[in-house]
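Sequential numbering of the sequence shown, starting at 2, is according to our numbering.
All C-beta atoms, glycine included, are put in the ideal place defined by N, C-alpha and C.
Just so it is clear, the structure is predicted and the values come from calculations on it, not from any experiment.
Single-structure report; data block below.
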Amino acid sequence: MLTEPDSLPVRLCLIITFIAIHGFFTAVNTAMVSSNRIIEKYQAAIRLVQVISCIAGAWLSLFDWKTATVYVILFTVFAQYFPHKIGLQHDEGITNKLFRFIEALSAVLRPITAILMLIANTFLKLFKQKTHVEDEAFSEEEVMSMLKVGRESGVLKEEGTKMINSIFAFDDKLAYEIMTPRTDVFLIDIEDSPEEYLDELMKLRYSRIPVCKGDSDNIIGILHIKDYLIKARETSFENVDIEGILRKAYFVPDTKNIDSLFFELQVSKQQIAILIDEYGGFSGIVTMEDIIEQVMGDIDDEYDEEEEIIDKIDDNTYLVDGDVDLDDLDEEIGIDLKSDTSETIGGFLIDILGEIPDERDMGRIIEFEDYKFKIMSVKERRIERVKIYMLDKKKIN
2 MLTEPDSLPV
12 RLCLIITFIA
22 IHGFFTAVNT
32 AMVSSNRIIE
42 KYQAAIRLVQ
52 VISCIAGAWL
62 SLFDWKTATV
72 YVILFTVFAQ
82 YFPHKIGLQH
92 DEGITNKLFR
102 FIEALSAVLR
112 PITAILMLIA
122 NTFLKLFKQK
132 THVEDEAFSE
142 EEVMSMLKVG
152 RESGVLKEEG
162 TKMINSIFAF
172 DDKLAYEIMT
182 PRTDVFLIDI
192 EDSPEEYLDE
202 LMKLRYSRIP
212 VCKGDSDNII
222 GILHIKDYLI
232 KARETSFENV
242 DIEGILRKAY
252 FVPDTKNIDS
262 LFFELQVSKQ
272 QIAILIDEYG
282 GFSGIVTMED
292 IIEQVMGDID
302 DEYDEEEEII
312 DKIDDNTYLV
322 DGDVDLDDLD
332 EEIGIDLKSD
342 TSETIGGFLI
352 DILGEIPDER
362 DMGRIIEFED
372 YKFKIMSVKE
382 RRIERVKIYM
392 LDKKKIN
């Protein structure tokens, strides 16, 4: 039969000791959870010590109402709230310093915790419950809802929200959606003389250039400018054997998911991928920078030219590049154009025209829903610049 400890001071000392033990393990448990180092077998040992110390302290407080009052106050403050906050603020430090101790304690208490877990699992099975449940991750909808609340409350800045949105979109994007299309890719045809490409090569200052042989669909490798300059120093620019210094090209289907492509480029230590369409033809290129920009936003280097691809003339008139993405057009100026076949405003207008444009189409006006589009320039059968008018507010002069 349990007997009352001899004196109040003894009871208080024991209570404080048990509260300190409980508080210590509360801080450790919180720190391990916060730093993502918690493991179920360690957590079982921590909780066992906490339960024992809690029961012991509660038993000691039962002999006197004053002691019970002191116990409740001390337990709430020093065994729960205070150590929990300490664990959150110093999660890595506490975890790194005490992980070995918790590991050893877990090993000592393993026989007891194993028996207790066996008993608990038996009852769970009796009530037809799972004995092991994986932590459920937040759904994308829940995270987006939290982002909205964070943005509205000012906790998250607009840039942070955009980046997180980009991370979610990253998983769904395909390579052709972010590629530089073949019509915009600077290629070197190995059958051309150096005079035909040397000036442009030096002007563009690309570090890696696809090289073809006879036909742009026949990509035979990637020219690294560093290799080219080293060889040119030995032989002169006109006498460089480009084919002899080419690096192997990395070919992928243009429907490849960009998160998979990012991983593949990392593993293969490549910086550029050649995209191939369903017919085996060259459709464009994607670089590591292109993929990273999908999350981080535009990354300007020292050779990037500042260019306004969406130029606002007034509140109802815009001048845009033909290769502006339809989604970007919607995001930037609120013009929502849906198309199952085109990604850009230029392609969208070509679909409406039903024919390939040429220089004679410059100045041509196309009406669609609440907008009028005026083709300002055409280059190499592509719509290069377009002026957009909002019909409900402005008329064309």
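- The beta carbon of residue 189 is closer than 8 Å to those of 198, 202, 210, 211, 212, 213, 224, 243 in its chain, skipping five residues each way along the sequence.
- Contact between the region 271 to 280 and the region 247 to 257 is present: three or more C-beta pairs spanning the two stretches fall below 8 Å.
- Following the DSSP letters along the chain, one finds residue 346 inside the alpha helix (DSSP H) bounded by residues 346 to 354.
- Scanning the region 201 to 240 for uninterrupted alpha helix (DSSP H) segments of 4 residues or longer gives 226 to 236, listed from N- to C-terminal end.
- Short of 8 Å from the beta carbon of residue 357, and not among the five residues preceding or following it, lie these beta carbons of its own chain, in chain order: 351, 382.
- Per DSSP, residue 322 is one residue of the beta strand (DSSP E) stretching across 318 to 322.
- Residue 252 sits away from residue 292, with the two beta carbons spaced by 9 Å or more.
- The beta carbon of residue 345 sits closer than 8 Å to those of 323, 324, 325, 326, 327, all from its chain and outside the five residues before and after it, given in chain order.
- Straight through space, the alpha carbons of residue 239 and residue 375 are spaced by roughly 45 Å.
- Between residue 17 and the set 117, 74, 29, 217, the nearest pair of CA atoms involves 74.
- Annotated as proximal: residue 208 and residue 226, with beta-carbon spacing under 9 Å.
- Annotation: residue 370 to residue 297 spans about 34 Å, alpha carbon to alpha carbon.
- In the DSSP assignment, residue 331 falls within the alpha helix (DSSP H) that extends over 327 to 334.
- No residue range can be given for residue 82, since it is assigned to no alpha helix (DSSP H) and is classified by DSSP as neither H nor E.
- Looking at the backbone, the Cα of residue 332 and that of residue 128 are separated by about 53 Å.
- Check the Cα spacing between residue 334 and each of 19, 347, 319, 340: the tightest is with 319.
- Exposure of residue 215 is indicated by the presence of fewer than 16 other C-beta atoms within 10 angstroms of its C-beta.
- Annotation: residue 116 to residue 87 spans about 32 Å, alpha carbon to alpha carbon.
- Residue 23 is a Cβ neighbour of residue 76, given a cutoff of 9 Å.
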